[in-house]
Each structure stands twice: as structure tokens, then as C-alpha cells.
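Novice:
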Amino acid sequence: MVEPKWVSQRHAADFLCVSERTLLRFRQAGVLQPGEHYRRKFQSERSGVVYDLLSTEAQLKSHFQRDHRILEQA
Numbered sequence: 084m085v086e087p088k089w090v091s092q093r094h095a096a097d098f099l100c101v102s103e104r105t106l107l108r109f110r111q112a113g114v115l116q117p118g119e120h121y122r123r124k125f126q127s128e129r130s131g132v133v134y135d136l137l138s139t140e141a142q143l144k145s146h147f148q149r150d151h152r153i154l155e156q157a
């Protein structure tokens, strides 16, 4: 089964194994960009948010990937 391009915040949170609040924090911090990773269902500011799963997942992996050259060595 193919995932739809835009999914609800609840579905995205479950898929990405984070809370809906964490997705909000990522948006507020600029980690996720409007139009590319998420958008409002309707033009109203109070409208719900939907996410592009593949784009969002790729962005989070890229953003939080650690560089092995700068990790502390025990």
C-alpha cells in the first residue's frame, strides 16, 4: 500500500515515532519548512497541519545525523 503524500499530524507523529508536540517544536525551530515539509489543510491559521511524510522523514534524518568525525571518543 502506498502512503498518501500529505498525512495528518497524528499519522506523521506515529510514523516518525515522535509526539505531535515535537513536530510543533520542529516547525517553530525552523527544522521543518512550510510548503516543503508541512502545510495547513486550509488557509486559516487555525486550520490543522498536514505533513509530507517522505520529505519530513528525510529532513529529520539529515538534520539530526551526527558526523562521526566530531563524536566524542571514550
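Here the sequence shown stands for residues 84 to 157, where the numbers follow the numbering used here. Quick reminder that beta carbons are idealized off the backbone N, C-alpha and C, glycines included.
1) Closer than 7 angstroms by C-beta to residue 95: which residues in its own chain qualify, once you throw out the five before and the five after it? Chain order, please.
2) Could you tell me the boundaries of the alpha helix (DSSP H) in which residue 108 lies?
3) Pick helix, strand or coil for residue 127, following the three-state DSSP scheme.
4) Buried or exposed for residue 146, please, with buried defined as at least 16 other CB atoms from any protein chain shown within 10 angstroms of its CB.
5) With DSSP as the reference, please indicate the residues paired to residue 91 in a beta bridge.
Specialist: In short, the structure shows the following:
1) Hits under 7 angstroms: 106, 134, 136 and 139.
2) That run of the alpha helix (DSSP H) goes 103 to 112.
3) When secondary structure is reduced to three states using DSSP, residue 127 falls in the coil class, being assigned neither helix nor strand.
4) Exposed is the call here.
5) Partner(s): 133.
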